[in-house]
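Below is one structure, written out as structure tokens, with a few remarks after it.
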Amino acid sequence: MQTTIASLVSAVLAATAVVSAAPLARDNELTNTNNVLEVRYNPAAVDWSKVDWSKVNWSQVDWTSVFSSSQPNVVQPPAQEPVPVPQPEAPKPNAPQPDIPQPPPAPVAPPSPPVPSTPPAPPAPSTPPTPPAPPAPPAPPAPLAPPPPVAHDAKVTSSVPVVIVAPPTPTPPSTPVVPVIPSTPPAPIQPSSPNTGANNGGASTGGRPLWGLTYSPYNTDGSCPDVNTVTAQLHKVAAATGHIRLYSTDCSQLSSVLQAIKRNNIALDVYAGIWLAAGPTRMQADLDQFVAAAKTYGTGLIKGLSVGNEDISNGMSEATLIGYINQVRARLQAEGLSGIPIYTTEQDAKFSRAMAAASDIVQVNIYAMFDGYFANLDASVKSVIQRANHIKNNVAGGKLVRFGESGWASSGNTGPSPLTLANEIAYAQKFKCAAAAAGFEYFYFEAKDAQWKAGAVASEQNFGIFNAGFTPKFDFGLLNSC
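Residue numbering for the sequence shown follows numbering that gives the first Met the number 0, beginning at 0 and increasing consecutively.
Below, the structure is given as structure tokens:
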């Protein structure tokens with residue numbers, strides 16, 4: 000029987016192309032075989048010093064040949080040879096692939112020739128040349144990618160069952176998170192009535208002494224006036240101004256004002272108000288009455304809506320106030336009344352950028368008569384205009400700035416500022432000219448003396464250009480010149 004070592008040598012030599020060895024004499028008889036591992040070599044002629052065991056492709060060793068029982072150097076009859084099964088071979092870039100191994104170069108005599116009858120033991124390489132056990136058969140080649148799935152209407156004619164491997168279901172991309180877009184601050188609202196350029200060169204009074212006037216219609220005893228009383232008062236107010244500001248809708252004052260103006264063609268625009276200081280129940284009642292009046296008489300006469308008046312100064316939080324503004328805006332949008340500018344009114348020192356961002360315009364109350372010093376009326380007027388410009392340049396964010404209130408009382412005592420009728424007239428004249436020159440719209444405070452404010456200090460009750468009986472306190476013609 001063929002010795003195991005001889006078969007191993009032959010198999011190793013077939014798996015590497017770098018060993019110099021001499022073929023046996025009968026190698027020429029094996030040229031017709033397809034299995035080059037059956038070529039036998041003379042182990043004595045192998046130059047073992049040149050064997051690079053790291054380059055032996057152990058996967059190519061035909062271990063069946065190594066341990067076969069065939070006689071040495073004898074070609075097995077073709078009938079007994081196993082039919083070789085084509086196996087995909089890994090490329091051997093450095094080894095030729097002839098049917099018969101190329102003759103090796105002349106052998107180099109080893110330093111210690113082995114005994115001819117016994118094959119020399121190969122020198123111990125860095126890794127043992129002979130594995131302790133035959134390695135496992137090489138892994139089969141990776142299967143080819145499956146063909147594209149058969150379409151639903153394709154016909155399979157093969158009798159062999161065809162297993163169609165569905166392609167892996169692609170993992171859907173995670174749904175992108177829709178960014179929450181912060182609410183954009185309302186765009187600046189243009190002046191609601193014609194003028195020569197609000198905040199840009201003057202606010203026209205339309206030939207009347209004042210651009211605007213605040214109006215509270217309550218009777219002297221605090222009761223609510225009827226529509227006829229309101230109508231009579233508004234005819235007088237229209238001689239002094241073309242725009243009035245209301246603070247609330249209680250006593251049906253908004254409905255009465257709109258009805259009086261519309262029925263009598265009184266040339267007045269209305270800037271309405273919702274009162275917040277009495278709490279959310281009163282606020283909701285005012286809002287309901289505003290919606291009802293606007294739907295009854297139309298929105299053509301309503302040029303703006305102030306949500307509150309000096310509520311921050313009276314202790315309300317900014318967040319609460321802005322919440323009210325947003326609530327009113329949402330209600331009006333739901334009612335189809337979204338064309339009306341919505342804002343709040345606050346003292347200039349308390350008006351913040353956040354409040355300005357929540358408002359369509361910036362409306363501020365600015366007084367000089369409450370200052371802790373007084374030089375003269377010219378300085379007082381200059382002071383309020385400078386403060387309005389500060390709001391315009393540093394708070395409003397490009398939105399229209401309007402005076403919600405400014406005035407001078409004809410009686411009372413607030414400190415160093417002298418409160419007399421003469422000073423009320425002089426302040427009104429100087430202020431209206433300075434505001435027009437600076438381009439500010441304004442509501443002068445106020446139409447009639449507020450004797451209905453029971454218990455208030457005298458100065459608070461005497462800001463009107465009309466007295467409590469609605470008689471003018473001075474000739475309004477004095478206000479026409481600048």
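For each residue, glycine too, the CB sits at the ideal point set by N, CA and C.
Alpha-carbon spacing of residue i relative to residue j, whole angstroms
i	j	result
G484	S480	Any property of residue 484 remains undetermined from this structure, which presents the chain solely from 0 to 481.
V179	K391	Only weak support is given to the placement of V179: the predicted model assigns it a pLDDT of 35, under 50, and the value that follows is read from those uncertain coordinates. Each residue's Cα considered, the two are about 30 angstroms apart.
R533	I273	With the chain represented from 0 up to 481, any question about residue 533 goes unanswered, as that position is not in the structure.
K381	F373	12 angstroms
L478	F430	10 angstroms
E440	D220	32 angstroms
V361	Q283	23 angstroms
A467	Q450	6 angstroms
I482	A238	Residue numbering for the chain in the displayed model covers 0 to 481; residue 482 lies beyond these limits and cannot be assessed.
L320	L233	31 angstroms
P208	E423	14 angstroms
Q252	L331	19 angstroms
A276	S312	11 angstroms
S254	A231	15 angstroms
N264	D249	23 angstroms
Q385	M354	20 angstroms
A455	G297	36 angstroms
N393	V400	11 angstroms
I301	P224	21 angstroms
G403	A333	27 angstroms
Q281	T295	Going by the sequence as given, residue 281 is Arg instead of Gln. Their Cα atoms are separated by approximately 21 angstroms.
A367	N412	13 angstroms
A266	A433	25 angstroms
L376	A425	8 angstroms
F350	K398	13 angstroms
V290	G371	42 angstroms
A446	E459	13 angstroms
G299	K452	32 angstroms
A348	M315	15 angstroms
T533	S222	Because the chain here runs from 0 to 481, residue 533 falls outside it and cannot be looked at.
Y214	G414	26 angstroms
A408	G206	25 angstroms
I339	N218	29 angstroms
Which listed residue (the options) has its alpha carbon closest to that of residue i
i	options	result
T228	P216, L245, P415 and R281	P216
N388	W451, A276, G307 and A435	A435
D448	F442, E440, F465 and A455	F465
L210	K294, V269 and S251	Before going further, note that residue 210 is Trp rather than Leu in the sequence given. It is V269 whose Cα lies nearest to the Cα of W210.
S410	F402, Y366, E440 and A457	A457
A271	S316, S312 and V327	V327
I365	A293, S379 and D359	S379
D287	S247, G205 and T419	S247
T240	S58, G371, F444 and N412	F444
S405	A427, Q385 and P471	A427
L212	C223, G205 and L245	L245
D474	V383, K235 and F402	K235
V256	S222, T280, R281 and A293	A293
Q258	R281, V226 and A318	V226
A356	D51, A318 and S53	A318
T485	A453, A348, Y214 and G463	Any question about residue 485 goes unanswered here, given that the chain covers just 0 to 481.
A395	A437, R352, S316 and P415	R352
G303	T204, F369, W407 and F442	F442
K472	A421, A437 and G438	A421
G369	D359, G476, S416 and S58	Checking the displayed sequence, the identity of residue 369 turns out to be Phe instead of Gly. Measuring from the Cα of F369, the nearest candidate turns out to be S416.
A437	I260, L336, H242 and V383	V383
G322	G338, S337, H242 and S358	S358
Bridge-paired residues (DSSP) for residue i
i	result
S305	G272 and Y342
S405	Y443
Q471	Note on residue identity: the sequence assigns Pro, not Gln, to residue 471. F465.
V363	E345 and F402
H482	Summary: the structure shown does not reach residue 482, with the chain confined to residues 0 through 481, and so no result is reported for it.
R244	T213 and Y270
Min CB distance residue i to chain C below 9 angstroms
i	result
A329	Absent from the structure: chain C. Only one protein chain is present.
Quick one: complete beta strand (DSSP E) runs, 3+ long, within the stretch 254-287?
If one requires a minimum length of 3 residues, the beta strand (DSSP E) runs lying completely within the stretch 254-287 are 268-273, in chain order.
What are the uninterrupted segments assigned as beta strand (DSSP E) that are 3 or more residues long and contained completely in the stretch 422-446, given in chain order?
DSSP runs (the beta strand (DSSP E)) wholly in the stretch 422-446: 440-443.
Please confirm if the stretch 336-350 is in contact with the stretch 290-308, defined as three or more CB-CB distances below 8 angstroms between the two stretches.
Under the Cβ criterion (8 angstroms, minimum of three pairs), the stretch 336-350 counts as touching the stretch 290-308.
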